[in-house]
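Visitor: One structure, as structure tokens, below. Some questions next.
Protein chains: 2
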Amino acid sequence: MRPTCRTCAIRPSAVCRALPPEALDQINRLSHRKHLTAGRTLFAAEDGDHTVATVLAGVAKTSVTSADGRTQIVGLHFPGDFIGRPHAAGSANMVEAATDMDVCLFDKSRFEALLREHDGLSRLLMARMTEDLDAARQWMFLLGHKSAAERLASFIALCIDRLEPRCGADTEAKPASRIDLPLSRTEIGHFLGLTIETVSRVLRRLQTAGVIEIESGRGIRVVDREALAATASAATD
Amino acid sequence: MRPTCRTCAIRPSAVCRALPPEALDQINRLSHRKHLTAGRTLFAAEDGDHTVATVLAGVAKTSVTSADGRTQIVGLHFPGDFIGRPHAAGSANMVEAATDMDVCLFDKSRFEALLREHDGLSRLLMARMTEDLDAARQWMFLLGHKSAAERLASFIALCIDRLEPRCGADTEAKPASRIDLPLSRTEIGHFLGLTIETVSRVLRRLQTAGVIEIESGRGIRVVDREALAATASAATD
DNA sequence: CTTGGCGATTGATCCCGGTCAAACCGCGAG
DNA sequence: CTCGCGGTTTGACCGGGATCAATCGCCAAG
Numbered sequence: 616m617r618p619t620c621r622t623c624a625i626r627p628s629a630v631c632r633a634l635p636p637e638a639l640d641q642i643n644r645l646s647h648r649k650h651l652t653a654g655r656t657l658f659a660a661e662d663g664d665h666t667v668a669t670v671l672a673g674v675a676k677t678s679v680t681s682a683d684g685r686t687q688i689v690g691l692h693f694p695g696d697f698i699g700r701p702h703a704a705g706s707a708n709m710v711e712a713a714t715d716m717d718v719c720l721f722d723k724s725r726f727e728a729l730l731r732e733h734d735g736l737s738r739l740l741m742a743r744m745t746e747d748l749d750a751a752r753q754w755m756f757l758l759g760h761k762s763a764a765e766r767l768a769s770f771i772a773l774c775i776d777r778l779e780p781r782c783g784a785d786t787e788a789k790p791a792s793r794i795d796l797p798l799s800r801t802e803i804g805h806f807l808g809l810t811i812e813t814v815s816r817v818l819r820r821l822q823t824a825g826v827i828e829i830e831s832g833r834g835i836r837v838v839d840r841e842a843l844a845a846t847a848s849a850a851t852d
Numbered sequence: 616m617r618p619t620c621r622t623c624a625i626r627p628s629a630v631c632r633a634l635p636p637e638a639l640d641q642i643n644r645l646s647h648r649k650h651l652t653a654g655r656t657l658f659a660a661e662d663g664d665h666t667v668a669t670v671l672a673g674v675a676k677t678s679v680t681s682a683d684g685r686t687q688i689v690g691l692h693f694p695g696d697f698i699g700r701p702h703a704a705g706s707a708n709m710v711e712a713a714t715d716m717d718v719c720l721f722d723k724s725r726f727e728a729l730l731r732e733h734d735g736l737s738r739l740l741m742a743r744m745t746e747d748l749d750a751a752r753q754w755m756f757l758l759g760h761k762s763a764a765e766r767l768a769s770f771i772a773l774c775i776d777r778l779e780p781r782c783g784a785d786t787e788a789k790p791a792s793r794i795d796l797p798l799s800r801t802e803i804g805h806f807l808g809l810t811i812e813t814v815s816r817v818l819r820r821l822q823t824a825g826v827i828e829i830e831s832g833r834g835i836r837v838v839d840r841e842a843l844a845a846t847a848s849a850a851t852d
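Here the protein sequences come in this chain order: A and B.
For what it's worth, the numbering used here labels the leading residue of the first sequence as 616, then goes sequentially.
For what it's worth, the numbering used here labels the leading residue of the second sequence as 616, then goes sequentially.
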């Protein structure tokens, strides 16, 4: 009953979907799954790691830290996302598990061989990297110009978008949806370029405005998706 | 006397260097050079463009603009840089010439064919995209956590690093170096997440501090490289 | 020459979010 | 049960940079 690539639930949303069915057994041999508890380091900075990974469950974070200790989370990696730097020098930034998570690991050089062998995989990966770059640039806009409320709303919208269990069939809007935020208040601050206090205050303000409901700790319920989207992109209040 | 790939001065620093000499005539036929005056649009947003490019001279900027008019410059493209989104849907952001510039254009599908044909080109491009992503993430740190002075110093250091005419042989420090900034004050503001007034003031402050000298307009002379690097602090690496 | 336009500079004031400080809350250990 | 600890919330105050506004410098057109 050991899980294999054949039965992999996230394969349709992972880069592996570019591989033909015949290759599944091959990549099944090359990969191995691993469970990581929250906080565990996946790739260290300044470390010539030789692994790439696909997120199966949970969320990972990539962060940049300066000499004087300031930290910026520069990317989140949700289920289906690819993490790694094929054909590039080992990681420049640190990647850690933000929540408990499961990953599917490949040896980097083996994966590079796969890329050479399967053109579709190479193309899909390149498209993914382009998406990552677009996402990073969108976040640069957020960090450069958005107000605290816009930042929080954008962050919540992102999490809802990537984490809400979606039931393939119904695409129509739901009255309310709840998720557990994958980051602590401190981490949210580091992701949004805000302090923990501001995060807390603005979250509260969004709650009194009737946009969201904060459950104890990380639980959050979006009451008004419209208002959330509006707050994410427009001027405050 | 028409310039060709054989005599191309920036080829050593462009992705084309991954192509074997035998392929030079081939890519020479596939590419064509173009001059763009400052402000001209290279790729429009929301536009299924079918071109990719290498910067030969001058500087291009990629920017994100929100519905309400706020603009963020999310990337600069210096000579040798590759611009384009092979294997991905046409551009998400707008790319414009920041200064007068020369580019070398390829038809996107032809370039994709080249990628398939030449494995080394594919690998180098992937490495370049990884670098771009790293640069974007470094800039996210700047936008999220750096002070105005740190931002300006980082920006000037970046420009010096990429634009200063470097004489291959001598790597040792020079007493002073001057360049023309590739962006107007307004654009610098959009790149750094600051207002034009703050840019002006901080630049002045850096001058009175003896770090730089501002010549009329865009000309700038770095008097104290050490101090500049120190002001940029929080490692740009 | 004057005029007008655009970008840059400089000054005065305001406000959002940072900083400092003090509870508060849930939870596991003793 | 109490204690202590880490994460969170809340309040009071402060300051860096935004905003508003006036002026300057340069250059091209009249």
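In this text, a Cβ means the ideal position worked out from N, Cα and C, and glycines have one as well.
Can you have a look at ALA845 (chain A) and say buried or exposed, based on whether 16 or more other CB atoms are within 10 angstroms of its CB?
Guide: With fewer than 16 Cβ atoms within 10 Å of its Cβ, ALA845 (chain A) is classed as exposed.
Visitor: Below 8 angstroms on the Cβ atoms is my contact criterion, and I expect HIS702 (chain B) with VAL670 (chain B) to pass it. Report the Cβ-Cβ distance as a whole number of Å.
Guide: At roughly 21 angstroms, the Cβ-Cβ gap does not stay under 8 angstroms, so HIS702 (chain B) and VAL670 (chain B) are not in contact.
Visitor: When burial is assigned at 16 or more other CB atoms within 10 Å of the CB, is HIS805 (chain B) buried or exposed?
Guide: Buried is the call here.
Visitor: Against chain B, does ARG725 (chain A) count as a neighbour if the rule is that its beta carbon must be under 8 angstroms from one of theirs?
Guide: Closer than 8 angstroms: no.
Visitor: Please identify the residue among A:THR801, A:LEU739 and A:VAL814 whose C-alpha is closest to the C-alpha of SER769 (chain A).
Guide: Measuring from the Cα of SER769 (chain A), the nearest candidate turns out to be A:VAL814.
Visitor: Considering only their Cβ atoms, is the gap separating LEU807 (chain B) from ASP715 (chain B) smaller than 8 angstroms?
Guide: No; because the gap between Cβ atoms is not below 8 angstroms, this pair is not in contact.
Visitor: Only counting the same chain, and skipping five residues up and downstream in sequence, which positions put a Cβ closer than 6 angstroms to that of LEU740 (chain A)?
Guide: Hits under 6 angstroms: VAL630.
Visitor: Whole-angstrom Cβ separation of ASN708 (chain B) and THR686 (chain B), contact assumed at under 8 angstroms?
Guide: About 11 angstroms separates the two Cβ atoms, so there is no contact after all.
Visitor: Along the alpha helix (DSSP H) that carries PHE806 (chain A), what are the first and last residues, could you check?
Guide: Per DSSP, PHE806 (chain A) belongs to the alpha helix (DSSP H) from 800-807.
Visitor: Using 8 angstroms for Cβ pairs, my map puts VAL817 (chain A) next to VAL826 (chain A). What's the rounded Cβ distance?
Guide: Wrong, their Cβ atoms sit about 11 angstroms apart, outside the cutoff.
Visitor: Can you tell me which of the three DSSP states ASP852 (chain A) falls into?
Guide: Confidence at ASP852 (chain A) is low in this model, with a pLDDT of 41, below 50, so its placement is unreliable and the value that follows should be read with caution. Reduced to three states, the DSSP call for ASP852 (chain A) is coil.
Visitor: For SER762 (chain B), name the three-state secondary structure that DSSP assigns.
Guide: If DSSP states are grouped into helix, strand and coil, SER762 (chain B) belongs with coil.
Visitor: Could you have a look at ARG833 (chain A) and say whether DSSP puts it in helix, strand or coil?
Guide: Looking at ARG833 (chain A) - three-state DSSP - the assignment turns out to be coil, as it is neither helix nor strand.
Visitor: Closest by CA to GLU779 (chain B), which one among B:GLY663, B:THR619, B:ASP696 and B:ILE835?
Guide: Ranking B:GLY663, B:THR619, B:ASP696 and B:ILE835 by Cα distance to GLU779 (chain B) puts B:ILE835 first.
Visitor: Name the chain A residues whose beta carbon is nearer than 8 angstroms to that of GLY684 (chain B)?
Guide: Result: empty, since nearest Cβ-Cβ is about 10 angstroms, beyond 8 angstroms.
Visitor: How would you list, in chain order, the residues of chain A whose beta-carbon sits under 9 angstroms from the beta-carbon of GLY690 (chain B)?
Guide: Correct list: LEU748, ARG752 and MET755.
Visitor: Using a Cβ-Cβ distance cut-off of 8 angstroms, determine whether ASP734 (chain A) contacts chain B.
Guide: Closer than 8 angstroms to some Cβ of chain B, the Cβ of ASP734 (chain A) qualifies, so yes.
Visitor: Whole angstroms is fine: what's the gap from ILE688 (chain A)'s alpha carbon to VAL679 (chain A)'s?
Guide: ILE688 (chain A) and VAL679 (chain A): Cα-Cα distance of roughly 6 angstroms.
Visitor: Which partner residues of LEU651 (chain B) appear in the DSSP bridge assignment?
Guide: B:MET716.
Visitor: In angstroms, rounded to a whole number, what distance separates the CA positions of SER737 (chain A) and LEU730 (chain A)?
Guide: Each residue's Cα considered, the two are about 5 angstroms apart.
Visitor: Report buried or exposed for GLY663 (chain B), applying the criterion of at least 16 other Cβ atoms within 10 angstroms of its Cβ.
Guide: Exposed: under 16 other Cβ atoms inside 10 Å.
Visitor: Check this for me: beta carbons of SER681 (chain B) and SER848 (chain A), under 8 angstroms apart or not?
Guide: Yes, the pair counts as a contact, with Cβ atoms nearer than the cut-off.
Visitor: If we cut at 8 angstroms on Cβ distances, does THR745 (chain A) have a partner in chain B?
Guide: With 8 angstroms as the cut-off, THR745 (chain A) counts as an interface residue toward chain B.
Visitor: Taking the straight line between their C-alpha atoms, what separation do you get for ALA842 (chain A) and LEU809 (chain A)?
Guide: Rounded to whole angstroms, ALA842 (chain A) to LEU809 (chain A) spans 22 angstroms at the Cα level.
Visitor: Can you give the Cα-Cα distance for ALA850 (chain A) and GLU765 (chain A), rounded to whole angstroms?
Guide: Its pLDDT being 46, under 50, ALA850 (chain A) is placed unreliably in this model, and the value from its coordinates should be taken loosely. Cα to Cα, the separation comes out at about 7 angstroms.
Visitor: Using only the alpha-carbon positions, how far apart do MET616 (chain B) and GLY673 (chain B) sit?
Guide: For MET616 (chain B), the pLDDT reaches just 47, beneath the cut-off of 50, and the residue's location in the model is therefore unreliable, although a value from the coordinates is still provided. Approximately 22 angstroms, taken between the alpha carbons.
Visitor: Buried or exposed: where does PRO635 (chain A) fall if 16 or more other Cβ atoms within 10 Å of its Cβ makes it buried?
Guide: Exposed, by the Cβ-count rule.
Visitor: Should ALA713 (chain B) go down as buried or exposed, given a rule of 16 or more other Cβ atoms within 10 Å for buried?
Guide: Classification for ALA713 (chain B): buried.
Visitor: Can you tell me which residues form a DSSP beta bridge with SER646 (chain B)?
Guide: For SER646 (chain B), which the question treats as bridged, DSSP gives the partners B:PHE721.
Visitor: I'd like to know whether the C-beta of PRO635 (chain B) is nearer than 8 angstroms to at least one C-beta of chain A.
Guide: No, no contact with chain A.
Visitor: Counting C-beta neighbours from all protein chains within 10 Å, is the total for GLY561 (chain A) 16 or more, i.e. buried, or is it exposed?
Guide: Past the edges of chain A, shown from 616 to 852, lies residue 561 (chain A), and the structure says nothing about it.
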